[in-house]
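Report on one structure; see the data block that follows.
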Amino acid sequence: MPDRDARAIENCLRRVLDRADSSAWQADLRRELGNGFLESTADLPHQCHFLEPFVAEIWQAAQEFALVDGLSGRAAGQFAAFWMQNLTRFAQRASLADLSGAAEAGLLKGDTPAARYRDYIDRAASQSGTLEVFLARYPALAGRLARRTIDLADSARELLARFAADRKALAERLGTPVLQIAGIQPGLSDPHGGQRTVAAVSFSGGARVLYKPRDAQIDRAFSTFVDWWNRSEPQHTVRKPWTLVRDGYCWAEFIEQGECTSTEEVRLYYRRLGVWLALLAALGGTDFHGENILPAGPDPVPVDIEGLLTESAWHDNSERGSRDWTFRDAILKRLLATHMLPVWTRCATGGACHTSAAIGGTTDRGWPASPLAWADAQTDRARTAFGESSGTSLVSLPRLEGQPIGPLHFLNELVASFIQALQCLCRRLPELISTGGPLTEFGGVAVRSILRPTQWYGRVMLWSCAPKPAGSLTVLEQGLDRALQSQEFIPDPTPERILTEHRSLWRGDIPRFACREGVPGVWTDRPGEGELLPDEVPVPSRHGITAFIGSLDAAAIDFSAGVLRQSLRYAGAPPLPMPSAESAGRILDAARAIGDWILSTTIACPHGPGWLTLKDDGELVLTALTDPWLYRGNSGIALFLANLARVTGRTEFGDCARGALQQACSDAADRGQFPASAFEGPGSLVYGCCEVGRLLDDPELIDRARLLTPAWLVSLETHELLDFLGGVSGATSVLVHLARCTGRDEFTEIARRCFEKVVAANQERTGVGFSKSCGLAHGPSGFVVAVCALPTTANGARVAFEVLQRERCMSIERFEKISSGKALATCSWCNGIPGIGLACLRWLESFGPQPEIESWLREFLDQALAGADDSSHCLCCGDCGPIWLAAAAGERLNDPALTAKARSAAERLIDFYAERGVWNLSPFPERNAIPGLMTGLSGIGLTLLQVACPDQVSQVLTLS
Numbered sequence: 000m001p002d003r004d005a006r007a008i009e010n011c012l013r014r015v016l017d018r019a020d021s022s023a024w025q026a027d028l029r030r031e032l033g034n035g036f037l038e039s040t041a042d043l044p045h046q047c048h049f050l051e052p053f054v055a056e057i058w059q060a061a062q063e064f065a066l067v068d069g070l071s072g073r074a075a076g077q078f079a080a081f082w083m084q085n086l087t088r089f090a091q092r093a094s095l096a097d098l099s100g101a102a103e104a105g106l107l108k109g110d111t112p113a114a115r116y117r118d119y120i121d122r123a124a125s126q127s128g129t130l131e132v133f134l135a136r137y138p139a140l141a142g143r144l145a146r147r148t149i150d151l152a153d154s155a156r157e158l159l160a161r162f163a164a165d166r167k168a169l170a171e172r173l174g175t176p177v178l179q180i181a182g183i184q185p186g187l188s189d190p191h192g193g194q195r196t197v198a199a200v201s202f203s204g205g206a207r208v209l210y211k212p213r214d215a216q217i218d219r220a221f222s223t224f225v226d227w228w229n230r231s232e233p234q235h236t237v238r239k240p241w242t243l244v245r246d247g248y249c250w251a252e253f254i255e256q257g258e259c260t261s262t263e264e265v266r267l268y269y270r271r272l273g274v275w276l277a278l279l280a281a282l283g284g285t286d287f288h289g290e291n292i293l294p295a296g297p298d299p300v301p302v303d304i305e306g307l308l309t310e311s312a313w314h315d316n317s318e319r320g321s322r323d324w325t326f327r328d329a330i331l332k333r334l335l336a337t338h339m340l341p342v343w344t345r346c347a348t349g350g351a352c353h354t355s356a357a358i359g360g361t362t363d364r365g366w367p368a369s370p371l372a373w374a375d376a377q378t379d380r381a382r383t384a385f386g387e388s389s390g391t392s393l394v395s396l397p398r399l400e401g402q403p404i405g406p407l408h409f410l411n412e413l414v415a416s417f418i419q420a421l422q423c424l425c426r427r428l429p430e431l432i433s434t435g436g437p438l439t440e441f442g443g444v445a446v447r448s449i450l451r452p453t454q455w456y457g458r459v460m461l462w463s464c465a466p467k468p469a470g471s472l473t474v475l476e477q478g479l480d481r482a483l484q485s486q487e488f489i490p491d492p493t494p495e496r497i498l499t500e501h502r503s504l505w506r507g508d509i510p511r512f513a514c515r516e517g518v519p520g521v522w523t524d525r526p527g528e529g530e531l532l533p534d535e536v537p538v539p540s541r542h543g544i545t546a547f548i549g550s551l552d553a554a555a556i557d558f559s560a561g562v563l564r565q566s567l568r569y570a571g572a573p574p575l576p577m578p579s580a581e582s583a584g585r586i587l588d589a590a591r592a593i594g595d596w597i598l599s600t601t602i603a604c605p606h607g608p609g610w611l612t613l614k615d616d617g618e619l620v621l622t623a624l625t626d627p628w629l630y631r632g633n634s635g636i637a638l639f640l641a642n643l644a645r646v647t648g649r650t651e652f653g654d655c656a657r658g659a660l661q662q663a664c665s666d667a668a669d670r671g672q673f674p675a676s677a678f679e680g681p682g683s684l685v686y687g688c689c690e691v692g693r694l695l696d697d698p699e700l701i702d703r704a705r706l707l708t709p710a711w712l713v714s715l716e717t718h719e720l721l722d723f724l725g726g727v728s729g730a731t732s733v734l735v736h737l738a739r740c741t742g743r744d745e746f747t748e749i750a751r752r753c754f755e756k757v758v759a760a761n762q763e764r765t766g767v768g769f770s771k772s773c774g775l776a777h778g779p780s781g782f783v784v785a786v787c788a789l790p791t792t793a794n795g796a797r798v799a800f801e802v803l804q805r806e807r808c809m810s811i812e813r814f815e816k817i818s819s820g821k822a823l824a825t826c827s828w829c830n831g832i833p834g835i836g837l838a839c840l841r842w843l844e845s846f847g848p849q850p851e852i853e854s855w856l857r858e859f860l861d862q863a864l865a866g867a868d869d870s871s872h873c874l875c876c877g878d879c880g881p882i883w884l885a886a887a888a889g890e891r892l893n894d895p896a897l898t899a900k901a902r903s904a905a906e907r908l909i910d911f912y913a914e915r916g917v918w919n920l921s922p923f924p925e926r927n928a929i930p931g932l933m934t935g936l937s938g939i940g941l942t943l944l945q946v947a948c949p950d951q952v953s954q955v956l957t958l959s
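In numbering that gives the first Met the number 0, the protein residues as written are 0 to 959.
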């Protein structure tokens, strides 16, 4: 800490302690601040009145400014109450530790916990020396309280000085002859640069404005751009707040939220919201969530635009344009980065939920939060702890007759205006890139660089306020450094950045960085002169804006519109209608309902349909494009749709399956390197094209599978994995299937060589098969399925029997050791009993009846069905595995009892969704936003088909 800061803190503490020893200051303070102070602090869950000398210090500093006469008494009280709340939140954990110690020592008087708490508060407020003793006990907190006091005083003086300087201009802008501050509400943003926050300022005439203590040149540039847009496109005008931009700060219009007066105004609101999405995405905007775009009648109005240009970089090196999957993925990320569309995560309850998007809010899904919650407040047992909560936010939704109106009924208008706005931007690209054009003022403006999430900074700052006894200052600082050196969110944080973050968090600010076009590195945002730090961060770019707009051909705009439409439908659409229990063809009808939904949620891609899906990414869940593969991508969805077409005779399912495979093949070619897996690589395309071609009687698809094979075989030559899901065992089954569909024996020979590779590797290793895992995906059962694909292999039946025998023994031993999660291990195809049962079934199909294996199969089936508990419904690792096995076994063994068990389990699966509106998918319980095969809706749909029509459905779990 610089010497001048140390001296300022020391002097502040001395004045505060001197004031605390005086008897008159408290009455004087409350008299001067009036009822506003008392009313605003009465509801604090913890009363730290002994901190009021710090508030008096701030007020004294503010009074030194000559123009306090512009501040009413009530406003002054509200201002001071904010300071008290701020300081109390900062010190409350240490004060609670003090309270707890006093309670445990029996020092508090009273018959009830509340009475003992009141005794503690009264003594702390009245006894001389309380503050001095408290600060001596927590010296790290003492210095930081003084630092915060100085910052709050400086920021208050600064606001009042700026009001005095701009009083006349504000009065002219508001049409009021005289302005006096009647109320003030600081703390409307995170604190930056010395406790500076956005404040709402109300005046005696009723007008209100926002005070924003940050560089506002980007607001001026944005205003110029929107004025140009409204002049150029009068049919697509949008409303922006007025701003009075000054050096280092601005005053902005306070948007009064209002209702729509008719359905037509709601429709107009969503048309304008579509325009805003196009404009803000083009400008590389981010952080335009539901609290930053507010409804003012039929007008959505952005109220915080400092996130503009943050995502402006655009590097399209592809000559293929919208035909390339990387290009489409970049468009998706740019739209999602606006935060106007849903961003997903897990709820505290384990379900799916998303942020308060500007379009749609949280719908009926609560966004999870872990607030610092109070327990036993205002008792001698008072404490704080992180709680788990979720809440809906519909603030960005227009209202009609008091009710929030979501976007789904106006989706066509929203999407149409979005498309039209993008087309207008493309048409006006020459104006945008011209010298002196509407983007000119964005050159050189400071753009916020978000290096780590604000919530993460807040957690670290809260931890740094933990109560520590004397001598712990170094420990706290070292702990703060360790947190900042973590590579969470950013790899290899630079020392300069860590130092800046440390300084900001230590003084109670959220670190804030800014960057400028053409200048590498980031500027710090702290009091005084900003410092340029060397850092590799994306630099804002007007060229990125025009490059993005210039790359939008008709196909790219259609794709963007599909992303908008389907992301909102995924988030807001109600559960799928399930047929009633009385329906005669209920299981098939449920599969058809899933197929209809998947058909309705396609996104137009150059060669066929694609879909959005949700992918696990740690704390968040990414919205992503489906990949080309079988496991969770286009090939698996196509396989389900082709089976549905085969069973129902509906050609639209088959046409969609063909198109999905064409798009998958194109995307796979663009990707270059890929895994050799039979489920997540070109092998999955070979199987998908081959099997869909067989189902739809389409020789072109089968020939496409043949043409895809050579590139796959090259990667197989060096592939080291041997298992079924990701290795050579699965490849063996795919190649045998290809040989049967094409009638070409060379594929059988290649399959035999793959199998010999598995056998040779198996002989070199200890244990059963080639893995210590159980199940079909990664365990010895996959080896058995590969043997069964080549039944003429010498000693194949005997070897496969021995492997199954030992697999059974190992699985019994393994499952007996499982103390939790037993149902999941029992039910999963990948590592559990259903996979072993399917291997037994394949053995019986390939080598004929064998009583012992059939008895094992029935044993496995009973275990798997008994373990189904609705904890997961996925085909890979959930209840669909046992259902699939029961249906397949009932059909192959001609056993009506097994078929009845499969149908009963399928009925329960449908009932679960009908009652709860979700299936437990991967990565979380979800209605209908995960379309893939092994982890999503297509797998459930294909399982229902397997039960309804077991003799017609592809045996994808054994790639046969």
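Ideal placement from N, C-alpha and C gives every residue a C-beta, glycine not left out.
Cross-strand partners of residue i (DSSP beta bridge)
| i | result |
| --- | --- |
| Val200 | Ile183 and Val208 |
| Ser937 | Answer is none; Ser937 lacks a bridge partner. |
| Ile602 | Gly609 |
| Tyr248 | Arg245 |
| Ala623 | Thr612 |
| Trp918 | Glu925 |
| Asp298 | Ala295 |
| His191 | Arg195 |
Bounding residues of the beta strand (DSSP E) (the contiguous stretch that carries residue i)
| i | result |
| --- | --- |
| Pro519 | Val518 to Thr523 |
| Ile292 | Ile292 to Ala295 |
| Phe49 | Element bounds for Phe49: n/a, residue is neither H nor E. |
| Cys514 | Phe512 to Arg515 |
| Arg447 | Val446 to Ser448 |
Buried or exposed by the 16-neighbour rule on C-beta atoms within 10 Å, applied to residue i
| i | result |
| --- | --- |
| Gly866 | buried |
| Thr791 | exposed |
| Gln194 | buried |
| Arg245 | exposed |
| Ser599 | exposed |
| Lys332 | exposed |
| Ala65 | Summary for Ala65: the model assigns pLDDT 43, below 50, so the residue's position carries little reliability, and this model does not support an answer. |
| Asn794 | exposed |
| Val538 | buried |
Same chain, Cβ closer than 8 Å to residue i, neighbours up to 5 away in sequence not counted
| i | result |
| --- | --- |
| Thr545 | Leu428, Leu431, Ile432 and Leu438 |
| Ala181 | Ser71, Arg73, Ala74, Ser201, Phe202 and Ser203 |
| Thr765 | Because the pLDDT at Thr765 is just 43, under 50, the model does not fix this residue reliably, and the value given afterwards should be weighed accordingly. Closer than 8 Å at Cβ, skipping near neighbours: no residue. |
Beta-carbon spacing of residue i, residue j below 8 Å
| i | j | result |
| --- | --- | --- |
| Ile586 | Val946 | yes |
| Asp379 | Leu107 | yes |
| Cys655 | Thr612 | no |
| Ser683 | Ser634 | yes |
| Phe652 | Gly594 | yes |
Any chain D beta carbon closer than 8 Å to residue i
| i | result |
| --- | --- |
| Val302 | Protein chain content of the structure displayed is limited to a single chain, and chain D is not contained in it. |
Terminal residues of the alpha helix (DSSP H) in which residue i lies
| i | result |
| --- | --- |
| Ser231 | Gln216 to Ser231 |
| Met83 | Gly72 to Glu103 |
| Trp842 | Ile832 to Phe846 |
| Ser127 | Note, Ser127: premise wrong, no alpha helix (DSSP H); not H, not E. |
Cβ-based neighbour list, residue i, same chain, cut-off 7 Å, excluding 5 preceding and 5 following
| i | result |
| --- | --- |
| Leu267 | Pro297 |
| Pro397 | Cys259, Val265, Tyr268, Pro294 and Ile404 |
| Asp97 | Phe133 |
Own chain residues within Cβ distance below 6 Å of residue i, not counting five before or after
| i | result |
| --- | --- |
| Ser819 | Because the pLDDT at Ser819 is just 44, under 50, the model does not fix this residue reliably, and the value given afterwards should be weighed accordingly. Closer than 6 Å at the Cβ level, and outside the excluded window around Ser819, lies no residue. |
| Val444 | Gln216, Ile217 and Ala220 |
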